[in-house]
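For reference, the structure discussed in these notes is given below.
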C-alpha cells in the first residue's frame, strides 16, 4: 500500500493543480459574464474594473493552486509529510519560476502569489500534520 501511495504523490499534486485551474476558468467566465453588454468591444470587456478583476483572479488562483499542490501531495504521502511538503514547494517554485521566465507578461504578482500560496501550504503542513496524522512518523 505504501508503494502505491508514494507513486500517487506527484499525480495528486498535478490533479490538484488541474482542479484549481478548472475552477479558475469558471471564475474567469463568471467575471466576463458580469461585464455590461455596452462595454464589450469585439468580444473583450473594456470596463474599467475588468483588468484589475482579472489580475486579482490570476493571482488568487495561482496562490490557491500552489497551496492545493502542496497539500494534496502531502496528504497522499504515507509518511515523511514535512519532507514531501517542502519538496513539492521547491519543485513548484522551480516550475513557477520557469513559467515566469518564459512568459513574463503575466507580471510578478502571479509569481509571488504562487510562492506565497505554496509557503502557506508548507506552513499548514508543518503546523497541523500531527493533528491530521497523529500516529504516523511525520519526520523529515
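Residue numbers (the numbering used here): 1058 to 1197. Every residue, glycine too, gets a C-beta built ideally from N, C-alpha and C. Values in this document were obtained by computation on a predicted structure and should not be read as measured data.
Counting of Cβ neighbours within 10 angstroms places residue 1155 among the exposed residues, the total staying below 16. Here the C-alpha atom of residue 1104 lies approximately 29 Å from the C-alpha atom of residue 1174. Contact annotation: residue 1066 and residue 1141 have beta-carbon atoms nearer than 8 Å. Counted as a single uninterrupted DSSP element, the alpha helix (DSSP H) harbouring residue 1140 occupies residues 1138-1159.
Within its own chain, the residues whose Cβ lies closer than 6 Å to the Cβ of residue 1134, once the five positions on either side in sequence are excluded, are 1066 and 1141, listed in chain order. Annotated as distal: residue 1114 and residue 1151, with beta-carbon spacing of 8 Å or more. Assignment of beta-bridge partners to residue 1097 by DSSP yields 1102.
By alpha-carbon distance to residue 1107, the top candidate from 1119, 1084 and 1079 is 1084. Here residue 1168 is buried, its C-beta having at least 16 other C-beta atoms within 10 Å. Counting of Cβ neighbours within 10 angstroms places residue 1145 among the buried residues, the total reaching 16 or more.
In this model, residue 1119 and residue 1148 are separated by some 15 Å (Cα to Cα). With 16 or more other Cβ atoms inside 10 Å of its own Cβ, residue 1102 counts as buried.
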